[in-house]
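There are 2 protein chains.
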Amino acid sequence: MVPVSLGCAMQSPWQLVSGGVTSPQGFQASGIAAGLKPSGKLDMALLLAPEQAVCAGSFTTSVVRAACVDLCAERLAANGGQARAVLINSGQANACTGDRGLIDSQRATQALADQLGLDAEALLICSTGVIGVPIPMPKLLAGLDPLVAALSATGGEAAATAILTTDLVSKQVALEAELGGRRVRIGGIAKGSGMIHPDMATMLGFFSCDAGLDPSIWKAMVGQAVQRSFNAITVDGDTSTNDTVLAFAAGDPLDSVHHAALEQGLTEAMQHLAKAIARDGEGATCLIEVQVEGALDEPSAQRVARTIVGSSLVKTAVHGRDPNWGRIVAAAGRSGVPFDPEQVALWIGPHQLMQSGQPLSFDPEAASRVLRSETVQIRIQLGDGPGNGLAWGCDLSDQYVRINADYTT
Amino acid sequence: MVPVSLGCAMQSPWQLVSGGVTSPQGFQASGIAAGLKPSGKLDMALLLAPEQAVCAGSFTTSVVRAACVDLCAERLAANGGQARAVLINSGQANACTGDRGLIDSQRATQALADQLGLDAEALLICSTGVIGVPIPMPKLLAGLDPLVAALSATGGEAAATAILTTDLVSKQVALEAELGGRRVRIGGIAKGSGMIHPDMATMLGFFSCDAGLDPSIWKAMVGQAVQRSFNAITVDGDTSTNDTVLAFAAGDPLDSVHHAALEQGLTEAMQHLAKAIARDGEGATCLIEVQVEGALDEPSAQRVARTIVGSSLVKTAVHGRDPNWGRIVAAAGRSGVPFDPEQVALWIGPHQLMQSGQPLSFDPEAASRVLRSETVQIRIQLGDGPGNGLAWGCDLSDQYVRINADYTT
Numbered sequence: 001m002v003p004v005s006l007g008c009a010m011q012s013p014w015q016l017v018s019g020g021v022t023s024p025q026g027f028q029a030s031g032i033a034a035g036l037k038p039s040g041k042l043d044m045a046l047l048l049a050p051e052q053a054v055c056a057g058s059f060t061t062s063v064v065r066a067a068c069v070d071l072c073a074e075r076l077a078a079n080g081g082q083a084r085a086v087l088i089n090s091g092q093a094n095a096c097t098g099d100r101g102l103i104d105s106q107r108a109t110q111a112l113a114d115q116l117g118l119d120a121e122a123l124l125i126c127s128t129g130v131i132g133v134p135i136p137m138p139k140l141l142a143g144l145d146p147l148v149a150a151l152s153a154t155g156g157e158a159a160a161t162a163i164l165t166t167d168l169v170s171k172q173v174a175l176e177a178e179l180g181g182r183r184v185r186i187g188g189i190a191k192g193s194g195m196i197h198p199d200m201a202t203m204l205g206f207f208s209c210d211a212g213l214d215p216s217i218w219k220a221m222v223g224q225a226v227q228r229s230f231n232a233i234t235v236d237g238d239t240s241t242n243d244t245v246l247a248f249a250a251g252d253p254l255d256s257v258h259h260a261a262l263e264q265g266l267t268e269a270m271q272h273l274a275k276a277i278a279r280d281g282e283g284a285t286c287l288i289e290v291q292v293e294g295a296l297d298e299p300s301a302q303r304v305a306r307t308i309v310g311s312s313l314v315k316t317a318v319h320g321r322d323p324n325w326g327r328i329v330a331a332a333g334r335s336g337v338p339f340d341p342e343q344v345a346l347w348i349g350p351h352q353l354m355q356s357g358q359p360l361s362f363d364p365e366a367a368s369r370v371l372r373s374e375t376v377q378i379r380i381q382l383g384d385g386p387g388n389g390l391a392w393g394c395d396l397s398d399q400y401v402r403i404n405a406d407y408t409t
Numbered sequence: 001m002v003p004v005s006l007g008c009a010m011q012s013p014w015q016l017v018s019g020g021v022t023s024p025q026g027f028q029a030s031g032i033a034a035g036l037k038p039s040g041k042l043d044m045a046l047l048l049a050p051e052q053a054v055c056a057g058s059f060t061t062s063v064v065r066a067a068c069v070d071l072c073a074e075r076l077a078a079n080g081g082q083a084r085a086v087l088i089n090s091g092q093a094n095a096c097t098g099d100r101g102l103i104d105s106q107r108a109t110q111a112l113a114d115q116l117g118l119d120a121e122a123l124l125i126c127s128t129g130v131i132g133v134p135i136p137m138p139k140l141l142a143g144l145d146p147l148v149a150a151l152s153a154t155g156g157e158a159a160a161t162a163i164l165t166t167d168l169v170s171k172q173v174a175l176e177a178e179l180g181g182r183r184v185r186i187g188g189i190a191k192g193s194g195m196i197h198p199d200m201a202t203m204l205g206f207f208s209c210d211a212g213l214d215p216s217i218w219k220a221m222v223g224q225a226v227q228r229s230f231n232a233i234t235v236d237g238d239t240s241t242n243d244t245v246l247a248f249a250a251g252d253p254l255d256s257v258h259h260a261a262l263e264q265g266l267t268e269a270m271q272h273l274a275k276a277i278a279r280d281g282e283g284a285t286c287l288i289e290v291q292v293e294g295a296l297d298e299p300s301a302q303r304v305a306r307t308i309v310g311s312s313l314v315k316t317a318v319h320g321r322d323p324n325w326g327r328i329v330a331a332a333g334r335s336g337v338p339f340d341p342e343q344v345a346l347w348i349g350p351h352q353l354m355q356s357g358q359p360l361s362f363d364p365e366a367a368s369r370v371l372r373s374e375t376v377q378i379r380i381q382l383g384d385g386p387g388n389g390l391a392w393g394c395d396l397s398d399q400y401v402r403i404n405a406d407y408t409t
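If you read the protein sequences in the order shown, they are chains U and Z.
All residue numbers for the first sequence refer to our numbering, where the first residue is 1 and numbers rise by one.
All residue numbers for the second sequence refer to our numbering, where the first residue is 1 and numbers rise by one.
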C-alpha cells in the first residue's frame, strides 16, 4: 500500500483493520435520519472527539464556498487548532444561500453545543447536498436530540452512511500500528463521487487518531497527507463549494520519533478513501493510477500526474481499452511542467510503450488487456530528477455523459 | 461580429467577403494530393506571400512539440519577423520522431527553396497528422513540383482543403474594409476539430493581409488577436504537439491611424475560424459562447470564461439542455480568479438565472429552449471591474466518448 511517492522504502507498519472513524480509542459517532433527505435515508451525522482533541482541516479552494466552510476555518484558527466535534448534514449544501447560510450554521452548532454541554466555538459543521437550497432548520434542530443519544464507539458505520449523497457505496477505513510498543489507530469516513448530480458531489472526509499531538505538528501532517490523497484525485476537474477534510487527534502523546510513521499512516488512510471516491460513481468502470517519476520535485510530478489523469482524451482511451501513448504524452506536455521530451519513458501496466521520447513496438492486444483491469496503472518517467508523484481518477464513459446530460436541475 | 471583449463600441468597418487566404492582393496558394494520406485526398498545401512580407507566429505551449514548430519559431526570430512562404503537409505530424524530424523539415524547405528560387531560411513548414510517424519524404519531395506549379491567386480553397485531417468541413474566411480610402483585405484558412482522432487534431491557422506593417507592430497585433481567438477556444483541453498560427502581411504601408482597425479585423478573422474549429467535430451539437464581464482585467475574465467552457459538467449540462447554474458558478469559482460570489449575476441567453450570488426563479422550459440553439450564450457578471472576456467551446456528447473510446491507435 506504500506508494513510491512517499519516498520511503521501509515497510509500512500499518495494517488495515475493520471499522472506521470510531476505531481509534475514545471517539464516538452516530448517524440518524432527520428527514432532510426526501428519500428518508440517514442524513445527519456526528463525530465526537475526546477532550483536548486537536483538529486540522483542509478546505475547498473555490472562491464560491459555503458558509459552513468559513465557519470551520475561522473556528479552527481562533481555537489554535482545537475542536471537539463535527456535525454533518446531507441533503442541502447550504451554499449560495446568502446571509442565511452562516446564521443557520451558527444556530445548528449552538443548539448542538447546548445538547453536549460544550462551547459552540469548539464545534464544527459540514453540509453537503443541493446548492442554493437552505437547510430545513426545524428538522435539523429536532434531529439533534436523537443524534446525540445515538453516539457510541460503534457509531462510525452509521455516520459513514449518513454523510452520503449520490455515492454508490459508503467509504470507511481503519488502520492500526504498533508504535513504541503501543497500539495506535487511525480511522476515517468519506463521501464523494463527483460523477452524478455533481452539484451534490461535495467531497468530505473525517479522520480520527488516538495519539496526542501538538496542533501545529498535526496540522502539517494533515496538510501533507491531504496533498498526497484527496488533492491527487480528479474525477471531472470540478471542485465543489463545500469540499472539506477534518482530522481529529486525541490520546496519550506520541514520541516524535514516531511522527513520520504516523504521517505515513494518515497518508495511507486518506489515499484509501481518496481512491474509493475516484472509483465510485455511475459510469466509471475502473480506477486509473498515474505514477510520475524523475521530475524535478514532487509538486511537478503531481501536477503532471493530475493533468494526465484529468485528460478527457486519456480517460476515454482507457475506457476504450486503447493503449494510446500519444494522448498520455500530449497531456504531460501541456501540464505546464518543463521536461525534456527526449527522455520520456512510458509504461501501461508492465508494458513499456515509449523510451527516450519515441514509441516502441509493443503488443497492442496485451496492453489492451491491461486496460481491462480493475485498476489501470500508467507510469511515466520524465527524466532523472528526484520528484515522484501519484494521482488517481477514473475512466470517462458514455454513461457519464448520459447521466450528467439527463440530470435536470 | 464585434464581441464586447474588444472593448470598442464602434461599428466594425470589416465586411465578410467570399474567399480565403488568397483574397488579399498578391498572395498565392495551392493544394495537391501527393500520396501522404492513404485516402488519396489533398495533403500538401503552399502559401506564398509577396516580397518583403512580414510574418508573425504563435505556437503550441506544450513542451512536447514537433521539430517543424521549432524550425518556424527559430527562422522567424532569426529573420526579424520576415518570411515568404509556408509549406503544410497533412497525414503525419512528424512529432516524437527524434532527430529525423528536424532533418526532414529542413530538407523539405530546402527543396522548396530550390523550386521557388528563394532562400530556405525564408520558408516555414507545418505538419499535421499522426504523432510518432515520420513524413514519407520521397512522396513529399515529388509533390513540390506540382505544388509550386499549381500556385495561383485562387488557390486558397485548395490549400484550405489540403491542410485538413479529421475536420468535417474546411474553414476559410476573408474580410474587407476601406481604411483611409483604400481597400484592405484579410484572409485565412484553418484546420482543427480536436474531437476525433485527437492525435491528428493539431490546430493550424494561416492568415494573409495586403497592408504593409513593421514586423514588431504586426507581431503585437497577431499576438493579441490569437489571444482573443485561438487561445479562447477549448474543445477538450488537450493541446497538440504541432499547434501553429502564422500570419503574413505585405503591401503598401498602412498609416498608423488605422492600426487599431486592422487589429480588429485580424481579431474578427481569427475568431471566425476559431469558432468554426470549436463547432467542428463529431459529437458536438452546438457552439457554446461564454462571456464574462466585470472582472478585474481581461486576462482574469478570459480565464474564467475558459474554465466555464472547458468544464465537463457544464458541457454535458448544455448537451442535456439543462440550465444548471450551479455547475457554471462552481466552474467560475475554481478558475483561480478571485471575485466576490455575492456579486455574481448569470444569464443563459436572455434568461437571468442568478443575481447577487443567489438563484432567481426562472422558467426552466424557456431556458432549456435557449440551450437548443445552434449557439448557446452564457453570460456571467463577476463584479463591476473593467475586464471582459470571451471563450468558445462545444457541448460534450456521448458521441464524443464513443468515438474517442472506440478509436484504436
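Every residue, glycine too, gets a C-beta built ideally from N, C-alpha and C.
Quantities reported herein were computed from a predicted structural model and do not represent experimental measurements.
In the displayed model, Q15/Z falls within a strand according to three-state DSSP.
DSSP, reduced to helix, strand and coil, places I233/Z within a strand of the structure shown.
Identification of chain Z residues near T285/U by a Cβ-Cβ cut-off of 9 Å yields none; the smallest Cβ-Cβ distance measures about 11 Å. If you ignore the 5 residues before and after G180/U, its C-beta comes within less than 8 Å of the C-beta of L254, D255, V257, H258, all in its own chain and listed in chain order. When Cβ-Cβ separations below 9 Å define contact, V337/U makes contact with chain Z. The C-beta separation of T307/U from A405/Z comes to about 20 Å, leaving the pair out of contact by the 8 Å criterion.
For C209/U, the enclosing beta strand (DSSP E) has its first and last residue at 204–209.
With a contact defined as Cβ atoms closer than 8 Å, Q92/U and S127/U qualify at about 6 Å. Under the Cβ criterion of 9 Å, T97/U is counted among the residues facing chain Z.
Secondary-structure assignment with DSSP links P359/Z through a beta bridge to M354/Z.
For the region 354–369 of chain Z, the beta-carbon criterion of a distance under 9 Å to any beta-carbon of chain U is satisfied by M354, S356, G357, Q358, P359, P364, S368. At the C-beta level, A305/Z and V292/Z come within 9 Å of one another. Here the alpha carbon of P146/Z sits roughly 16 Å from the alpha carbon of I163/Z. For V64/U, the chain Z residues whose Cβ falls inside 9 Å of its Cβ are V329, A330, A332, G333, R334, F339, P341, V344, G357, in order along the chain. For C126/U, the enclosing beta strand (DSSP E) stretches over residues 123–130.
For the region 55–139 of chain Z, the full-length alpha helix (DSSP H) segments reaching 4 residues or more read 67–78, 99–116 along the chain. Annotation: D114/Z to A77/Z spans about 22 Å, alpha carbon to alpha carbon.
Between T244/U and chain Z, the shortest Cβ-Cβ separation is not below 9 Å. In terms of Cα proximity to S300/Z, the closest of N94/Z, A85/Z, Q355/Z, G383/Z is G383/Z. Contacts with chain U at 9 Å (Cβ-Cβ) include I131/Z. In terms of Cβ geometry, G349/Z and A331/Z do not form a close pair [threshold 9 Å]. Residue contact check for G326/U against chain Z: a CB pair falls below 9 Å.
Within the DSSP bridge table, the entry for I380/Z names V292/Z, L346/Z as partners. Contacts with chain U at 9 Å (Cβ-Cβ) do not include T109/Z. The bridge partners DSSP lists for R183/U are E178/U. Using a CB distance cut-off of 9 Å, S397/U counts as an interface residue toward chain Z. Between A249/Z and A53/Z, the C-beta gap is smaller than 9 Å, which places the two residues in contact. For I328/U, the enclosing alpha helix (DSSP H) starts and ends at 325–333. Look at the region 43–64 of chain U: the residues with a C-beta under 9 Å from a C-beta of chain Z are T60, T61, S62, V63, V64. Contact check for G19/Z and G156/Z: beta-carbon distance about 6 Å, within the 8 Å limit, so the pair qualifies. In terms of Cα proximity to Q172/U, the closest of S23/U, Q343/U, N94/U is S23/U.
For T316/U, the nearest beta carbon of chain Z is closer than 9 Å to its own beta carbon.
Three or more beta-carbon pairs drawn from the region 373–383 of chain U and the region 328–342 of chain U are found closer than 8 Å, and the two stretches are therefore classed as touching.
Around S373/Z, no beta-carbon contact reaches into chain U at under 7 Å, the shortest distance being about 16 Å. If you check each beta-carbon in the region 140–172 of chain U against every beta-carbon of chain Z, none falls closer than 8 Å. For the set K41/U, R279/U, L346/U, V401/U, the Cα lying nearest the Cα of S90/U is the one of K41/U.
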